[in-house]
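What follows is one structure encoded as structure tokens, with my remarks underneath.
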Amino acid sequence: MSTSTIAVVRIPSSEFALSDTFERYPDVEFDIERLVARDSDSAMPFMWARGSNLDAVEDALREDSSVAELEVLANLGDERLYRMSWVAHIRLVIHILLEEEGTILDAHGRGGNWRLRIMFPERDSLSATYDFCSEHGLSFEVEKVYDMNESARAGRFGLSEEQFDALTTAAEHGYFQVPRGVTAEELGEMLGITHQSLSERLRRGQENLIRSTLLIDDPDVE
Numbered sequence: 020m021s022t023s024t025i026a027v028v029r030i031p032s033s034e035f036a037l038s039d040t041f042e043r044y045p046d047v048e049f050d051i052e053r054l055v056a057r058d059s060d061s062a063m064p065f066m067w068a069r070g071s072n073l074d075a076v077e078d079a080l081r082e083d084s085s086v087a088e089l090e091v092l093a094n095l096g097d098e099r100l101y102r103m104s105w106v107a108h109i110r111l112v113i114h115i116l117l118e119e120e121g122t123i124l125d126a127h128g129r130g131g132n133w134r135l136r137i138m139f140p141e142r143d144s145l146s147a148t149y150d151f152c153s154e155h156g157l158s159f160e161v162e163k164v165y166d167m168n169e170s171a172r173a174g175r176f177g178l179s180e181e182q183f184d185a186l187t188t189a190a191e192h193g194y195f196q197v198p199r200g201v202t203a204e205e206l207g208e209m210l211g212i213t214h215q216s217l218s219e220r221l222r223r224g225q226e227n228l229i230r231s232t233l234l235i236d237d238p239d240v241e
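All residue numbers for the sequence shown refer to my numbering, where the first residue is 20 and numbers rise by one.
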């Protein structure tokens, strides 16, 4: 029985969706929580945007050549959650999701690059994706590869950098103790975010941590 493989890869933003927006606002950060293929021509991500002047960034997203649809699902001030439809610069995404039956577990866009964590049904699917990129002139820098049964011991257990920082800072300052060693407002100030944003990062981080550790070997969990 084949073992699923998880790969962490880096892709330049110029070869991925939202390249127009990144060109106009290189300091914005994007975190994709879910990305599915609608068909062979479009993909639908659920994505967080973080940064200053998000009103202008949102205008850029609506004008981006890769974006056909955009809906705001949550507005927390310094970060917003969107549901989109991508229709350009998604050849690699479609190949991973449809041809190789892979799953993009999460993706982080920042500083001109995208960092994706992808689960392939087997190691050969990763090799096929690498070959696909080579044949089509696409960049595909593999940073790390590990089998599913190693995933609980590898990397940061599926956490984004922001979730990792929020959880570790909270633990270090006694946020999870009874009584709390620090308030949500104080912890948010340490991280430079609102306490509402902190609460959301902690919630998502705890969920990712549980799914990557306690549920990782459960065959009934999708």
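By construction, the Cβ of each residue, glycine as well, lies at the ideal position given by its N, Cα and C atoms. Note that this is a predicted model, so its numbers are computed, not measured.
Taken through DSSP and simplified to helix, strand or coil, residue 74 comes out as helix. Comparing alpha carbon positions, the residue from 158, 53, 93 and 118 closest to residue 104 is 53. Setting aside the 5 residues that flank it on each side, residue 201 is surrounded in the same chain by 192, 193 and 194, each with a C-beta closer than 7 Å to its C-beta; the list follows chain order.
For residue 65, the closest C-alpha among the options 74, 125 and 132 is that of 125.
Inclusion of residue 180 and residue 27 in the CB contact set at 7 Å is not warranted, their separation being larger than that value. Here DSSP, grouped into helix, strand and coil, assigns residue 135 to strand. In this structure, DSSP gives residue 51 an extended state, which the three-state scheme calls strand. Exclusion of the five residues before and after residue 117 leaves 56 and 59 as the residues of its chain whose Cβ lies within less than 7 Å of its Cβ. Close CB contacts of residue 221 within its chain, under the 6 Å cut and outside five residues either way in sequence, are with 185 (chain order). In the same chain as residue 92, and ignoring 5 residues on each side of it, the C-beta atoms closer than 7 Å to its own belong to 100, 101 and 102, in chain order. With a threshold of 16 other beta carbon atoms within 10 Å, residue 227 meets it and is buried. Looking only at 145, 37 and 188, the smallest Cα-Cα distance to residue 128 is reached by 37. Taking all protein chains in view, the Cβ of residue 187 is surrounded by fewer than 16 other Cβ atoms within 10 Å, so the residue is classified as exposed. Residue environment: residue 123 is assigned as buried (16 or more neighbouring CB atoms within 10 Å of its CB, all protein chains considered). Sequence-distant partners of residue 98 (beyond 5 residues in either direction) whose C-beta falls short of 7 Å from its own C-beta, in its chain, are 67, 68, 69 and 216. For residue 31, the beta-bridge partners assigned by DSSP are 132.
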